[in-house]
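Participant:
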Amino acid sequence: MSKMFINYATYIVLILVLAAPGNAHEIVLKDGKIIKTRSCWEENGAIKYERYGGILTIEKKLVEEVIYSEEEPVVSPVKKKFGTILEQQEKLRKERTRSLASDEIFRLCKPAVVIIKCGGAEGTGFFISDDGYILTNYHVIRSHSSIEVHLSSDEVYIANMISSTEKPDAALLKIDRNNMPYLALEKNTIPEEIIGKEVFAIGNPGGLQFSITRGIISQIRTMDDVKYIQTDTPLNPGNSGGPLINKLGNVVGMNTLKRAYSTGLNFAISSDSLFTWVEQYSKFGIVHYAKPSQNSDDEPPRPSQEGPGIFIIPVPGPSW
Numbered sequence: 001m002s003k004m005f006i007n008y009a010t011y012i013v014l015i016l017v018l019a020a021p022g023n024a025h026e027i028v029l030k031d032g033k034i035i036k037t038r039s040c041w042e043e044n045g046a047i048k049y050e051r052y053g054g055i056l057t058i059e060k061k062l063v064e065e066v067i068y069s070e071e072e073p074v075v076s077p078v079k080k081k082f083g084t085i086l087e088q089q090e091k092l093r094k095e096r097t098r099s100l101a102s103d104e105i106f107r108l109c110k111p112a113v114v115i116i117k118c119g120g121a122e123g124t125g126f127f128i129s130d131d132g133y134i135l136t137n138y139h140v141i142r143s144h145s146s147i148e149v150h151l152s153s154d155e156v157y158i159a160n161m162i163s164s165t166e167k168p169d170a171a172l173l174k175i176d177r178n179n180m181p182y183l184a185l186e187k188n189t190i191p192e193e194i195i196g197k198e199v200f201a202i203g204n205p206g207g208l209q210f211s212i213t214r215g216i217i218s219q220i221r222t223m224d225d226v227k228y229i230q231t232d233t234p235l236n237p238g239n240s241g242g243p244l245i246n247k248l249g250n251v252v253g254m255n256t257l258k259r260a261y262s263t264g265l266n267f268a269i270s271s272d273s274l275f276t277w278v279e280q281y282s283k284f285g286i287v288h289y290a291k292p293s294q295n296s297d298d299e300p301p302r303p304s305q306e307g308p309g310i311f312i313i314p315v316p317g318p319s320w
């Protein structure tokens with residue numbers, strides 16, 4: 001049996017540290033409550049603060065005053081951190097200049113791919129920085145249960161959800177781990193340059209962890225205002241959130257959809273759409289804490305899933 005290390009202790013310590021930090025700023029609410037945090041700042045008419053491994057927001061009208069523990073202005077840690085992530089992405093893209101064989105791609109990229117388990121669902125994800133930031137599909141973690149991240153080394157971590165959005169179907173997670181291998185998102189997916197090119201998917205199809213499949217880019221489609229890479233690369237439930245990788249070892253898409261009762265009609269959210277989402281988050285620090293569908297009175301249920309990992313587009317499928 002593989003030895004598994006679940007970071008519950010680290011997770012608990014993180015919560016305790018953030019709940020009662022030393023040299024903390026104080027957010028004094030009008031109802032008399034006081035929130036202590038290591039970082040807080042005003043942004044877009046609201047007060048944002050760091051807590052529980054993420055960035056939370058409170059309406060300014062609910063705040064009596066903010067007492068800073070230091071005189072100089074506080075800069076959003078989101079902007080600091082994601083400036084570093086975008087720099088890492090750019091550095092890796094510049095390094096990846098050689099076309100790789102399929103076995104090289106698997107050896108190079110597998111350590112940057114993770115298996116995600118959440119509330120009975122299973123999917124895939126991949127690191128986008130060396131300090132534990134992960135991209136996956138929102139529908140993989142939408143149950144808001146405890147999110148387990150399984151590494152190729154057999155280690156298991158509990159992830160914090162940093163941000164999520166239903167359009168594009170994406171979520172940003174974070175585990176407490178440094179010096180991780182990661183993958184670079186291609187910034188431009190131009191049809192004339194990539195259609196017909198060979199691509200690879202590494203993921204968790206049917207629970208068969210870290211499987212690699214191969215295909216080509218068939219076309220680029222826009223569906224519901226989201227740009228997708230159409231591919232005949234075999235995808236199955238469990239591949240959701242995993243990378244679609246070109247021969248340079250960079251990500252051109254995040255595997256998300258397949259068309260029901262069809263062969264070879266699979267779709268990945270384009271890497272440039274994902275890069276734009278991450279870049280916007282880095283600039284504005286916007287966090288979307290989506291509500292679980294089963295507990296919402298004003299949010300209609302999402303389409304049901306077939307299997308634990310990838311959405312199925314019903315026949316006749318999207319129009320284009």
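Under UniProt numbering, the residue at position 39 of the sequence shown is numbered 39, and the numbers go up by one with no gaps.
Beta carbons are placed, not taken as given, at the ideal position from N, Cα and C, and that holds for glycine.
Answer yes if the stretch 93 to 108 comes into contact with the stretch 180 to 187, meaning at least three C-beta pairs across the two stretches below 8 Å, and no otherwise.
Facilitator: These segments touch.
Participant: Could you name each continuous beta strand (DSSP E) segment of 3 residues or more that falls completely within the stretch 158 to 237, going from the start of the chain to the end?
Facilitator: The qualifying runs are 170 to 174, 198 to 203, 211 to 223 and 226 to 231.
Participant: When the Cα atoms are used, what is the spatial distance from F267 to T256?
Facilitator: 6 Å
Participant: For R259, report the span of its beta strand (DSSP E) as first-last.
Facilitator: V251 to R259
Participant: Given that a residue counts as buried once 16 or more other Cβ atoms are within 10 Å of its Cβ, and exposed if not, what is R142?
Facilitator: buried
Participant: So what's F101 in DSSP terms, helix, strand or just coil?
Facilitator: Before going further, note that residue 101 is Ala rather than Phe in the sequence given. DSSP places A101 in coil when its eight states are reduced to three.
Participant: Note down the Cα distance separating V114 from F126, rounded to an integer number of angstroms.
Facilitator: Rounded to the nearest angstrom, the two C-alpha atoms are 6 Å apart.
Participant: Count the other CB atoms, across all protein chains shown, that sit within 10 Å of the CB of A201; report buried if there are 16 or more and exposed otherwise.
Facilitator: Buried.
Participant: Report yes if the C-beta of L100 is less than 7 Å from at least one heavy atom of the ligand SAM; otherwise report no.
Facilitator: The model on display carries no ligand, and the ligand SAM is accordingly not part of it.
Participant: Starting from the Cα of L235, find the closest Cα among G203, E279 and I217 and give me that residue.
Facilitator: G203
Participant: Do three or more CB pairs link the stretch 243 to 262 to the stretch 192 to 201 at distances below 8 Å?
Facilitator: Because the criterion of three Cβ pairs below 8 Å is met, the stretch 243 to 262 and the stretch 192 to 201 touch.
Participant: Quick check on S240: buried or exposed, where buried means 16 or more other Cβ atoms within 10 Å of its Cβ?
Facilitator: buried
Participant: Let's see if you can read the secondary structure: which residues bound the beta strand (DSSP E) around I115?
Facilitator: V113 to C118
Participant: Assign D169 to buried or exposed, taking buried as 16 or more other Cβ atoms, counted over all protein chains shown, within 10 Å of its Cβ.
Facilitator: Classification of D169: buried, given that the 10 Å Cβ count is 16 or more.
Participant: Taking 8 Å as the cut-off, decide whether the C-beta atoms of I128 and V252 are in contact.
Facilitator: no
Participant: Consult DSSP for A68 and reduce its assignment to one of helix, strand or coil.
Facilitator: Checking the sequence shown, residue 68 turns out to be Tyr, not Ala. Y68 falls in the coil class under three-state DSSP.
Participant: What does the alpha-carbon distance come out to for the pair K79 and D131?
Facilitator: In this prediction, K79 scores a pLDDT of 47, lower than 50, which makes its location untrustworthy; the coordinate-derived value is nonetheless stated afterwards. Computed Cα separation, rounded: 15 Å.
Participant: Is F275 helix, strand or coil by DSSP?
Facilitator: helix
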